[in-house]
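Participant:
Protein chains: 2
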Amino acid sequence: MILAIDIGGTHYKLALVSAEGQIHRLHQGSTDRTGGAAWMIPRLLQEGRTLLTQAPASVRACGIGFGGPVDFAGQRILSSTHVGGWNEICLPRIIEAELGLRAVVENDANAGGLGELVFGVGQGCRHLVYLTISTGIGGGIIIDGQVYRGANGQAGELGHLPILPEGPECDCGNQGCLEALCSGKSIGRRAEEAVVRQPARGAELRRLAGAGPLSAEVVFKAARQGDELARELVEETCLYLGMGLATLINILAPEMIVLGGGVSRAGETLLAPLRQMANRFAMPVHRSLVRLEQARHPDQAVLLGAVALARELV
Amino acid sequence: MILAIDIGGTHYKLALVSAEGQIHRLHQGSTDRTGGAAWMIPRLLQEGRTLLTQAPASVRACGIGFGGPVDFAGQRILSSTHVGGWNEICLPRIIEAELGLRAVVENDANAGGLGELVFGVGQGCRHLVYLTISTGIGGGIIIDGQVYRGANGQAGELGHLPILPEGPECDCGNQGCLEALCSGKSIGRRAEEAVVRQPARGAELRRLAGAGPLSAEVVFKAARQGDELARELVEETCLYLGMGLATLINILAPEMIVLGGGVSRAGETLLAPLRQMANRFAMPVHRSLVRLEQARHPDQAVLLGAVALARELV
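For the record, the sequence lines run as chains A and B.
The opening position of the first sequence corresponds to residue 1 in the numbering used here, with each subsequent residue numbered one higher.
The opening position of the second sequence corresponds to residue 1001 in the numbering used here, with each subsequent residue numbered one higher.
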């Protein structure tokens, strides 16, 4: 049995998971962004202790997926993408001291890729790319069955592939990154801009959104219903994402690209046109090779990847 | 001592090279494109035999870099990028039967990357990307000191990164690939188009080209002399190349990117603005990490990579 932890900017999760990836107990909560690490760490320890008392078998190790850059070799969290107070925190050491469990921490997108490789749609692949599209876009690259980290441990920044040099500003400080065009937040922003430009054509999108903001979810729903402006927005999304995927395909030639995160729930409304677009830009030699698949565990991939890492400790 | 062979679309080379990368004898000839493999193979064998009689020490193996897709696992040439008759040719087997040497074949850009890693500017690197820019653009990716080949052996198609979705047609059948914008041929074509559009501003470029066509070499020479149109062409080249390099950096986070091929001879006229542009599009975390360097052996990197592979055979 493994204690698995997923620390994101919006939610955090703790779970008891078997070494075979069976989730026995799951606790989920909302991240207190203003509270930062000082709020989160005591909470993790307290809820971890409670979970450990409920374990049906002995818990051997702890795996952590973290939403921000991680120095894997040094087992240090470098910073959080969304939350303060996480600079240079050796969370595994704290877990070991407080809970008596050997622990390992990995960036959440890397963990997600590993989760889908070991327990999900990517089983049997040697080389796999995981792209998680939610508020932002994260990436995990698996080479020869292992997370690829590059020279500085920070490889796989797939949300920041340059797509449009004069495109919209990105949170990273650049312009026209994949994330600035195709994250859930960016799809919503592009929809909002389109509806402002073309209010008549945008009426159905506005109606579906109700009192709320235009979200990626609304755009895909409207596209499924045949709304023309929504279809154009999906097409544009697939153009940019397709360029990004073809880039990954031409460079890495993986067996599979797995899409995870909230936006991947659009399923074939997104995947079918995206396969076409990725094939349009990929080299002919790669076209029949690479499978583009939806994550099998869109909510649990990070926890499962953390399990895959932690079970190596024992 | 190793017999090293480099088979390109314009030239071919045979050399006697020590296992430490010292070139003792080198023979170079022009490739007969219409003659194809039927012309090349007997010539390689004949010139190989001659070289072997001149070897100062016993020749232990043969390494071959080939200009086209190679099935490394099957040790088969799949096809040539430029020349006919090379479909499904097991050249190492022919060399073994005819010259009595164990032999290994690799794609030339992969061999070039390995050559710079083992004997060139990339010594000491674990992760390195080699980009060779001449008539076309080829790439070789080194991960953990080994050529990375991907699931189908054809990873590293760096000339075909999608840059401008509505850009000029590429030989691969797509539009707006890096090669269609920044290869030597493409830089020349863009210069030609610019001079036709702006004949007054293009007068100096035209003068420097003389009776010949506008080449990348002429563009870089004019830029060094301060010609404005040439400078704009170099800037545009660096924008596209910089996007491609930043893409590689964000995905792979290598220690070094090495530029080889004829266009890399432009040296700092190309490298200085290119470093700036790659840094503009790369994630901040990677900016200080990745060194962008000119190949140390622009003409011999393929031969030297072939040596690095062949010396593993003995």
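Glycine included, C-beta positions come from ideal geometry on N, C-alpha and C.
Going by the CB atoms, is the gap between B/T1247 and A/T247 shorter than 7 Å?
Facilitator: For the purposes of this step, residue 247 of chain A is identified with residue 247 of the first sequence, where counting begins at 1. For the purposes of this step, residue 1247 of chain B is identified with residue 247 of the second sequence, where counting begins at 1. Cβ distance < 7 Å, so A/T247 and B/T1247 count as in contact.
Participant: So the alpha helix (DSSP H) B/G1113 belongs to, where does it begin and stop?
Facilitator: If you number the second sequence from 1, residue 1113 of chain B lands on position 113. Run containing B/G1113: D1108 to F1119, per the alpha helix (DSSP H) assignment.
Participant: For B/R1197, is the classification buried or exposed, using 16 other Cβ atoms within 10 angstroms of its Cβ as the cut-off for buried?
Facilitator: Position 197 of the second sequence holds residue 1197 of chain B. Flag for B/R1197 reads exposed.
Participant: Assess contact between the stretch 1082-1098 of chain B and the stretch 1187-1205 of chain B, defined as three or more Cβ pairs (one per stretch) separated by less than 8 Å. Is contact present?
Facilitator: no
Participant: For B/F1281 and chain A, any beta-carbon pair shorter than 7 Å?
Facilitator: On the second sequence, position 281 is the one that residue 1281 of chain B refers to. So, interface residue.
Participant: Taking Cβ-Cβ distances shorter than 8 Å, what residues in chain B pair up with A/V285?
Facilitator: Translated into the one-based positions of the first sequence, residue 285 of chain A becomes position 285. Under the 8 Å cutoff, chain B gives P1069, N1152, Q1154 and E1157.
Participant: Against A/A253, what residues of chain B qualify as contacts under a CB-to-CB distance less than 7 Å, listed in chain order?
Facilitator: Here the question's residue 253 of chain A lines up with position 253 in the first sequence. Going along chain B in sequence order, the residues near A/A253 (Cβ under 7 Å) are G1150, A1151, N1152, Q1154 and A1155.
Participant: By alpha-carbon positions, which one of A/L259, A/D299, A/E236 and A/I141 ends up nearest to A/E293?
Facilitator: The sequence position of residue 293 of chain A within the first sequence is 293, counting from 1. The option with the nearest alpha carbon to A/E293 is A/L259.
Participant: With A/I41 as the anchor, note down where its alpha helix (DSSP H) starts and where it stops.
Facilitator: The residue given as residue 41 of chain A occupies position 41 in the first sequence. G36 to T53 is the extent of the alpha helix (DSSP H) around A/I41.
Participant: Under 8 Å between beta-carbons, which chain B residues line up against A/I143? List them in chain order, please.
Facilitator: Here the question's residue 143 of chain A lines up with position 143 in the first sequence. Correct list: I1143 and Y1148.
Participant: B/R1287: which of B/M1277, B/R1296 and B/A1295 sits nearest, CA to CA?
Facilitator: In the second sequence, residue 1287 of chain B corresponds to position 287, counting from 1. Of the listed residues, the one whose Cα sits closest to B/R1287 is B/M1277.
Participant: Where in the stretch 180-222 of chain A do unbroken runs of the alpha helix (DSSP H), each at least 4 residues long, occur, reported from the N-terminal end onward?
Facilitator: If we require 4 residues or more, the alpha helix (DSSP H) runs fully inside the stretch 180-222 of chain A come out as 184-197 and 203-209.
Participant: Got a sec: is the Cβ-Cβ distance from B/A1246 to anything in chain A below 7 Å?
Facilitator: Translated into the one-based positions of the second sequence, residue 1246 of chain B becomes position 246. For B/A1246, the answer is yes, since a Cβ of chain A falls inside 7 Å of its Cβ.
Participant: For A/L233, I'd like the list of residues in its chain whose CB is within less than 8 Å of its CB, leaving aside the five on either flank, ordered along the chain.
Facilitator: What you label residue 233 of chain A is simply residue 233 of the first sequence in a count that begins at 1. Only I187, R190, A191, A194, V219 and A223 meet the Cβ criterion.
Participant: Using a Cβ cut-off of 7 Å (strictly closer), state whether B/C1172 contacts chain A.
Facilitator: Numbered from its first residue, the second sequence carries residue 1172 of chain B at position 172. Judged by the 7 Å Cβ criterion, B/C1172 is in contact with chain A.
Participant: Assuming contact is defined by CB atoms lying nearer than 7 Å, are B/G1242 and B/L1274 in contact in what I supplied?
Facilitator: As a position in the second sequence, residue 1242 of chain B is number 242, starting the count at 1. As a position in the second sequence, residue 1274 of chain B is number 274, starting the count at 1. Result yes, Cβ atoms of B/G1242 and B/L1274 sit closer than 7 Å.
Participant: Compile a chain-ordered list of the residues in the stretch 1117-1131 of chain B whose CB is closer than 7 Å to at least one CB of chain A.
Facilitator: Under the 7 Å Cβ criterion, the stretch 1117-1131 of chain B contributes R1126 and H1127.
Participant: Using DSSP's beta-bridge definition, name the partner residues of B/Q1146.
Facilitator: The residue labelled residue 1146 of chain B in the question sits at position 146 within the second sequence. Partner(s): B/I1143.
Participant: Could you check where the alpha helix (DSSP H) with B/G1242 kicks off and where it finishes?
Facilitator: Within the second sequence, the letter at position 242 stands for residue 1242 of chain B. Unbroken alpha helix (DSSP H) run through B/G1242: E1228 to L1252.
Participant: If you follow the beta strand (DSSP E) that A/L3 is part of, which residue opens it and which one closes it?
Facilitator: One-based indexing of the first sequence puts residue 3 of chain A at position 3. Run containing A/L3: I2 to I7, per the beta strand (DSSP E) assignment.
Participant: With a 10 Å radius around its C-beta and 16 neighbouring C-beta atoms as the bar for buried, classify A/A253 as buried or exposed.
Facilitator: As a position in the first sequence, residue 253 of chain A is number 253, starting the count at 1. The residue is buried, with at least 16 neighbouring Cβ atoms inside 10 Å.
Participant: Just the C-alpha distance for A/D171 and A/N107, rounded to the nearest angstrom, thanks.
Facilitator: Here residue 171 of chain A corresponds to residue number 171 of the first sequence, with the count starting at 1. Here residue 107 of chain A corresponds to residue number 107 of the first sequence, with the count starting at 1. When only Cα atoms are considered, A/D171 and A/N107 end up about 18 Å apart.
Participant: CB A/G65 to CB A/A111, shorter than 7 Å?
Facilitator: Position 65 of the first sequence, counted from the first residue, corresponds to residue 65 of chain A. Position 111 of the first sequence, counted from the first residue, corresponds to residue 111 of chain A. Cβ distance < 7 Å, so A/G65 and A/A111 count as in contact.
Participant: What is the C-beta distance between B/A1004 and B/V1307, in whole angstroms, given that I count them as a contact (C-beta under 8 Å)?
Facilitator: Within the second sequence, numbered from 1, the residue matching residue 1004 of chain B stands at position 4. Within the second sequence, numbered from 1, the residue matching residue 1307 of chain B stands at position 307. About 5 Å; that satisfies the 8 Å criterion.
Participant: Using 7 Å as the limit for Cβ to Cβ distance, is A/H160 near chain B?
Facilitator: Here residue 160 of chain A is taken as the residue at index 160 of the first sequence, counted from 1. Closer than 7 Å: yes.
Participant: Select from A/L178, A/H82, A/Q28 and A/G67 the residue whose C-alpha is nearest the C-alpha of A/C332.
Facilitator: Shown here, chain A extends from 1 to 314; a query on residue 332 of chain A therefore has no answer.
Participant: Taking 7 Å as the threshold (C-beta atoms), are B/A1200 and A/H127 in contact?
Facilitator: As a working note, residue 127 of chain A is residue 127 in the first sequence. As a working note, residue 1200 of chain B is residue 200 in the second sequence. Not a contact, by the Cβ cut-off of 7 Å.
Participant: When burial is assigned at 16 or more other CB atoms within 10 Å of the CB, is B/E1268 buried or exposed?
Facilitator: Here the question's residue 1268 of chain B lines up with position 268 in the second sequence. Exposed.
Participant: Note down, in chain order, every chain A residue with its Cβ under 7 Å from the Cβ of B/M1243.
Facilitator: In the second sequence, residue 1243 of chain B corresponds to position 243, counting from 1. Those within 7 Å of B/M1243 in chain A are P162 and P165.
Participant: According to DSSP, is B/T1010 part of a helix, a strand, or is it coil?
Facilitator: Taking the first residue of the second sequence as position 1, residue 1010 of chain B is located at position 10. Coil at B/T1010, not helix or strand.
Participant: What's the call for A/A282, buried or exposed, on a 16-neighbour Cβ count within 10 Å?
Facilitator: Reading the first sequence from its first residue, position 282 is the one you call residue 282 of chain A. With 16 or more Cβ atoms within 10 Å of its Cβ, A/A282 is classed as buried.
Participant: Where are the alpha helix (DSSP H) runs, 4 residues long or more, that stay fully inside the stretch 1242-1311 of chain B, in chain order?
Facilitator: 1268-1281, 1284-1287 and 1301-1310
Participant: Got a sec: is the Cβ-Cβ distance from A/L292 to anything in chain B below 7 Å?
Facilitator: The residue given as residue 292 of chain A occupies position 292 in the first sequence. No - not a single Cβ of chain B is within 7 Å of the one on A/L292.
Participant: Figure out for me which residue from A/L131, A/L78, A/A266 and A/I251 has the closest Cα to the Cα of B/G1159.
Facilitator: Position 159 of the second sequence, counted from the first residue, corresponds to residue 1159 of chain B. Of A/L131, A/L78, A/A266 and A/I251, the residue nearest in Cα terms is A/I251.
Participant: Taking Cβ-Cβ distances shorter than 8 Å, what residues in chain A pair up with B/N1110?
Facilitator: What you label residue 1110 of chain B is simply residue 110 of the second sequence in a count that begins at 1. Chain A residues near B/N1110: none, gap ~12 Å exceeds 8 Å.
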